[in-house]
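**Q** Below you will find the structure I want to go over with you.
Protein chains: 2
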Amino acid sequence: MTQTKNNNHEITASEWEVMRIVWTLSGATSHQLIASLSEKMAWQESTIKTLIRRLEEKGFLKREGTSRPFKYLATLSEQEGINLQVDRLFGNLCAMHIGPTLIRLVKQHQLSQADLASLSTVIAEKASTAPVKVACDCLTDCQMEDDGGCQHDQAK
Amino acid sequence: MTQTKNNNHEITASEWEVMRIVWTLSGATSHQLIASLSEKMAWQESTIKTLIRRLEEKGFLKREGTSRPFKYLATLSEQEGINLQVDRLFGNLCAMHIGPTLIRLVKQHQLSQADLASLSTVIAEKASTAPVKVACDCLTDCQMEDDGGCQHDQAK
DNA sequence: GAGTAAAGTTTACATTTGTAAATTAATTTT
DNA sequence: AAAATTAATTTACAAATGTAAACTTTACTC
Numbered sequence: 075m076t077q078t079k080n081n082n083h084e085i086t087a088s089e090w091e092v093m094r095i096v097w098t099l100s101g102a103t104s105h106q107l108i109a110s111l112s113e114k115m116a117w118q119e120s121t122i123k124t125l126i127r128r129l130e131e132k133g134f135l136k137r138e139g140t141s142r143p144f145k146y147l148a149t150l151s152e153q154e155g156i157n158l159q160v161d162r163l164f165g166n167l168c169a170m171h172i173g174p175t176l177i178r179l180v181k182q183h184q185l186s187q188a189d190l191a192s193l194s195t196v197i198a199e200k201a202s203t204a205p206v207k208v209a210c211d212c213l214t215d216c217q218m219e220d221d222g223g224c225q226h227d228q229a230k
Numbered sequence: 075m076t077q078t079k080n081n082n083h084e085i086t087a088s089e090w091e092v093m094r095i096v097w098t099l100s101g102a103t104s105h106q107l108i109a110s111l112s113e114k115m116a117w118q119e120s121t122i123k124t125l126i127r128r129l130e131e132k133g134f135l136k137r138e139g140t141s142r143p144f145k146y147l148a149t150l151s152e153q154e155g156i157n158l159q160v161d162r163l164f165g166n167l168c169a170m171h172i173g174p175t176l177i178r179l180v181k182q183h184q185l186s187q188a189d190l191a192s193l194s195t196v197i198a199e200k201a202s203t204a205p206v207k208v209a210c211d212c213l214t215d216c217q218m219e220d221d222g223g224c225q226h227d228q229a230k
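First to last, the sequence lines map onto chains W and C.
Going by our numbering, the first sequence runs without a break in its numbering and finishes at 230.
Going by our numbering, the second sequence runs without a break in its numbering and finishes at 230.
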């Protein structure tokens, strides 16, 4: 049966392509998705239909309307979808490496004046309570026996 | 046959757990990996051995030594591994959403004084050339026909 | 309303991933 | 060296994912 909530499911790479179009167009018909993705991804229309179905089953898309060319709508906003993916990734990174990673991302991507201003503010706010060093949290719960424990601290 | 380069392969979620330990300990034996992960992840040792093998095949781990308790070493640094995952993700995000996403990440994670200082510098450097608005790049290459095109710009 | 076109549903099938048992080979111990 | 232990290799198998053909139903057109 078709899922309603997006219970623990993940949005896969292929499915993500579908979601992007849906978000960008604020909902889309299969026809629009096929037009866009068969070109961009070189997928057959069948493939795109399958992805739509799976996204419905996972609860990330729901259909709108009663007569046939249905419109498919996202059940979460694009930013929520992004947060989902980003949190899954950052939740599995060593705490020590997050700073350098964010610095690299900020360097690498184009940001607006407003984005930079917000970042500045947030950074200023954090400054007062920021630690001198962020500790590595990799082996906290997995008590290594005899061996030396976390080597991150020695690493240059 | 066993791969040497990490040709286009991806590091999966389970495999990532193995890599984290290897990075943290600067290389590890299967025994160490089993000790740590069978506890943390509740995996059987067979499972961990399979993951080690797959990581070798994908070229992310290589074995060191000639006699039996081999040591497995990462073929890329932890930061390189992180960059790989992060770039894969950020390469599939709408350019317009990257700013808010980074702001959220900076808010959410603990950063050191040094991290914040570097971020400040980078932000200051970017300020002079930053655009007022980052354009949505979602539908550039997928020419939608009649329909309205990117709705991101209307989105609040 | 019959025929055609479009949209949606079912079925399919190979690859990858998660998870692990069984087997073999090398080391260590007695 | 035989026995026991540990490490590594093979084989296994279900679920998820990437990709798509075939089939069915609904809407549109003449």
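Note that CB positions come from ideal geometry on N, CA and C, so glycine has one too.
Bear in mind that the values here come from a model prediction, so they are computed numbers and not experimental data.
Output yes or no for whether 9 angstroms exceeds the beta carbon distance between Leu185/W and Thr175/W.
**A** No, the pair does not count as a contact, with Cβ atoms beyond the cut-off.
**Q** Drop a sphere of 10 angstroms on the beta-carbon of Gln106/W, count the other beta-carbons inside from all chains shown, and report buried for 16 or more, exposed for fewer.
**A** Label assigned to Gln106/W: buried.
**Q** Could you spell out the range, first to last residue, of the alpha helix (DSSP H) harbouring Lys200/C?
**A** Looking at the DSSP string, the run of the alpha helix (DSSP H) that includes Lys200/C is Gln187 to Ala201.
**Q** How many Å lie between Glu131/C and Ser192/C at the Cα?
**A** Whole-angstrom Cα-Cα distance: 38 angstroms.
**Q** From the beta carbon of Trp90/C, is the nearest beta carbon of chain W less than 9 angstroms away?
**A** Cβ-Cβ to chain W under 9 angstroms: yes for Trp90/C.
**Q** On the criterion of 16 or more Cβ atoms from any shown chain inside 10 Å, does Asp189/W qualify as buried, or is it exposed?
**A** Asp189/W is buried by the Cβ-count criterion.
**Q** Are there 16 or more other CB atoms within 10 angstroms of the CB of Glu91/C, so buried, or fewer, so exposed?
**A** With 16 or more other Cβ atoms within 10 Å, it is buried.
**Q** In terms of residues, what are the limits of the beta strand (DSSP E) holding Lys207/W?
**A** It is not in any beta strand (DSSP E) - Lys207/W carries neither H nor E in the DSSP assignment.
**Q** Just mark Val196/C as buried or exposed, buried being the case when its beta carbon has 16 or more other beta carbons within 10 Å.
**A** With 16 or more Cβ atoms within 10 Å of its Cβ, Val196/C is classed as buried.
**Q** Determine the direct distance from the alpha carbon of Thr140/W to that of Ser88/W, and round the result to whole angstroms.
**A** Approximately 27 angstroms, taken between the alpha carbons.
**Q** Find the residues of chain W that neighbour Ala148/C, judging by a C-beta separation of less than 7 angstroms, and give them in chain order.
**A** Those within 7 angstroms of Ala148/C in chain W number zero; the least Cβ separation is about 12 angstroms.
**Q** Leaving out the 5 sequence neighbours to the left and right, which residues in its chain are closer than 8 angstroms to His83/W when beta-carbon positions are compared?
**A** Counting only Cβ-Cβ distances below 8 angstroms, and skipping sequence neighbours, we find Gln77, Lys132, Gly133 and Phe134.
**Q** Is the distance from the Cβ of Lys136/W to the Cβ of Thr149/W below 9 angstroms?
**A** Result yes, Cβ atoms of Lys136/W and Thr149/W sit closer than 9 angstroms.
**Q** Does the Cβ of Ser120/C have 16 or more other Cβ atoms within 10 Å, making it buried, or fewer, making it exposed?
**A** Ser120/C should be labelled exposed.
**Q** Could you tell me the alpha carbon to alpha carbon distance between His171/C and Leu111/W, rounded to whole angstroms?
**A** Rounded to whole angstroms, His171/C to Leu111/W spans 21 angstroms at the Cα level.
**Q** My output table needs one value for Gln138/C: the three-state DSSP class, helix, strand or coil.
**A** Looking at the sequence shown, residue 138/C is not Gln but Glu. If DSSP states are grouped into helix, strand and coil, Glu138/C belongs with the strands.
**Q** In chain order, what residues of the same chain lie with their CB nearer than 7 angstroms to the CB of Phe164/C, ignoring the 5 residues before and after it?
**A** If we look at Phe164/C and ignore the five residues flanking it on each side, its Cβ neighbours are Ile172.
**Q** From Trp117/W, Ile177/W and Glu152/W, pick the residue whose C-alpha is nearest to that of Ser194/W; which is it?
**A** Ranking Trp117/W, Ile177/W and Glu152/W by Cα distance to Ser194/W puts Ile177/W first.
**Q** Less than 9 angstroms between the C-beta atoms of Leu147/C and Ser100/C, yes or no?
**A** Yes, these two residues count as a Cβ contact at 9 angstroms.
**Q** Whose CA, out of Gln182/W, Lys200/W, Pro143/W and Thr86/W, lies closest to the CA of Arg128/W?
**A** It is Thr86/W whose Cα lies nearest to the Cα of Arg128/W.
**Q** Enumerate in chain order the residues of its own chain whose CB-to-CB distance from Pro143/C is below 8 angstroms, with the five nearest sequence positions on each side excluded.
**A** Cβ neighbours of Pro143/C beyond the five flanking positions: Thr103, Ser104 and His105.
**Q** Take the Cβ of Asp215/W as the centre, count every other Cβ of all protein chains shown within 10 Å, and call the residue buried at 16 or more, exposed below.
**A** In this prediction, Asp215/W scores a pLDDT of 39, lower than 50, which makes its location untrustworthy; the coordinate-derived value is nonetheless stated afterwards. It counts as exposed.
**Q** Have a look at Lys114/C and Lys181/W and give me their C-alpha separation to the nearest angstrom.
**A** Each residue's Cα considered, the two are about 35 angstroms apart.
**Q** May I ask you to list, following chain order, the residues of the stretch 187-213 of chain C that have a beta carbon less than 8 angstroms from some beta carbon of chain W?
**A** Taking 8 angstroms as the Cβ-Cβ cut-off against chain W, the residues of the stretch 187-213 of chain C that qualify are Gln187, Ala188, Asp189, Leu190, Ser192, Leu193, Ser194, Val196, Ile197, Lys200, Ala201, Ala204, Pro205, Val206, Lys207, Val208, Cys210, Cys212 and Leu213.
**Q** Taking the alpha carbon of Lys145/C as the reference point, which residue from Ile126/C, Ala204/C and Val208/C has its own alpha carbon closest?
**A** Cα-wise, what sits closest to Lys145/C is Ile126/C.
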